[in-house]
Amino acid sequence: MKLRRRLVAASLLLAVETTVLALLVTESVTGALAAAGLTCLSLWLHLALHEGGHLAAAKLLRLPVVAVHIAPFTGWRNEVSVRPSASMPVLPLRMALFHLGGPLANLGAATALVVAATHTGLASMRLALFGAAFVGALLGLGNLVPGRSPRSDGRNLLRWLGAPAAARAGLRAYYHQDVRRPAEDGPKIIGSPSGR
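Numbering of the sequence shown is given in my numbering, commencing with residue 3 and proceeding in unit increments.
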């Protein structure tokens, strides 16, 4: 819930800042509102593109995908979950490339938007494209910064490149714990009077 509030607040701040900047550049209210709207819409598109980059990397690297959640601002965590085998060949490199997939998709899109912006004549369109490029670059670079979250791309990238043996051992331990947990709880029979 906190994350959703932060994302909504960030998009509102982005909308206000973009509108003010667009008014200064275009001196047209409709042009400014269009540029601000397109820039804010680009945040949602860049979030989906980021996860799409992870998904494409997972498919190319033959990592088993177990879940894909792309639902900006709904409370769901945007993520692509993979479940590689700890014995996979070249696993640290595969996982590092998987974690780079999302940020590289954002940075690639930002580069394409900058190129498109330099080839357009309308000031409001140029501003919207530069704004969308800035959002994509910020999202891509921001995800490369190692965060505290265990789902941080930067943190996982450093983990797989810096200590691949420990990361592989952690993966084995996670799977071992995951396999043991249902057996410890015992089977549950739904609808029995005793609740077992």
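Where is the CB? At the ideal position from N, CA and C, for every residue including glycine.
Proximity to HIS56 [Cα-Cα], best of ASN108, TRP46, GLY39, ALA118: Walking along the sequence shown from the start, residue 56 turns up at place 54. The shortest Cα separation from HIS56 among ASN108, TRP46, GLY39, ALA118 belongs to ASN108.
PRO166 to GLY104 span [Cα, whole Å]: To locate residue 166, count along the sequence shown from 1; it is residue 164. To locate residue 104, count along the sequence shown from 1; it is residue 102. Roughly 21 Å between the two C-alpha positions.
Beta-carbon gap between ARG170 and ALA88 smaller than 7 Å: One-based indexing of the sequence shown puts residue 170 at position 168. One-based indexing of the sequence shown puts residue 88 at position 86. Against a cut-off of 7 Å, the Cβ pair of ALA88 and ARG170 comes out as a contact.
One or two residues paired with SER83 in a DSSP bridge: For this step, residue 83 is matched to residue 81 along the sequence shown. According to DSSP, SER83 shares a beta bridge with ALA69.
Element boundaries [alpha helix (DSSP H), containing THR113]: Taking the sequence shown and counting its residues from 1, the one referred to as residue 113 is at position 111. Under the DSSP assignment, THR113 falls in the alpha helix (DSSP H) whose first and last residues are 93-120.
VAL137 in three-state terms, based on DSSP: Against the sequence shown, residue 137 aligns to sequence position 135. If DSSP states are grouped into helix, strand and coil, VAL137 belongs with the helices.
Closest residue to ARG153 among VAL116, LEU102, LEU40, ALA168 (Cα-Cα distance): Counting from one through the sequence shown, the residue named residue 153 turns up at place 151. Cα-wise, what sits closest to ARG153 is LEU102.
Cβ separation of GLY138 and ALA111, assumed to be a contact under 8 Å, to the nearest whole Å: In the sequence shown, counting from the first residue as 1, residue 138 sits at position 136. In the sequence shown, counting from the first residue as 1, residue 111 sits at position 109. Their Cβ separation, rounded to whole angstroms, is 5 Å, which keeps GLY138 and ALA111 in contact under 8 Å.
Buried or exposed by the 16-neighbour rule on C-beta atoms within 10 Å, applied to LEU62: As a first step, residue 62 must be located in the sequence shown, where it is residue number 60. Burial call: exposed.
Sub-7 Å separation of ALA119 and THR41 beta-carbons: Stepping through the sequence shown from its first residue, residue 119 is reached at position 117. Stepping through the sequence shown from its first residue, residue 41 is reached at position 39. The answer is no: Cβ separation not under 7 Å.
Proximal residues to ASP187 (C-beta, below 6 Å), its chain only, five neighbours per side dropped: Numbered from 1 along the sequence shown, position 185 holds the residue referred to as residue 187. Because ASP187 carries a pLDDT of 48, less than 50, the predicted location of this residue cannot be relied on, and the following value inherits that uncertainty. So no residue of the chain qualifies.
Euclidean distance between Cα positions of GLY164 and ILE72: Along the sequence shown, read from residue 1 onward, the residue named residue 164 stands at position 162. Along the sequence shown, read from residue 1 onward, the residue named residue 72 stands at position 70. Approximately 29 Å between the Cα atoms of the pair.
Residues of its chain near THR113, where Cβ-Cβ distance is below 8 Å and the 5 sequence neighbours each way are ignored: Here the question's residue 113 lines up with position 111 in the sequence shown. Sequence-distant Cβ neighbours of THR113 in its own chain, meaning closer than 8 Å and more than five residues away, are ALA135.
VAL147 in three-state terms, based on DSSP: The count along the sequence shown starts at 1 and reaches residue 147 at position 145. Coil at VAL147, not helix or strand.
CA nearest to the CA of ALA58, picked from GLY39, ARG96, LEU43: Against the sequence shown, residue 58 aligns to sequence position 56. Nearest in C-alpha terms to ALA58, of all of GLY39, ARG96, LEU43, is ARG96.
ALA168 to MET127 span [Cα, whole Å]: Locating residue 168 in the sequence shown gives position 166, counting from the first residue. Locating residue 127 in the sequence shown gives position 125, counting from the first residue. Straight-line measurement puts the Cα of MET127 at about 49 Å from the Cα of ALA168.
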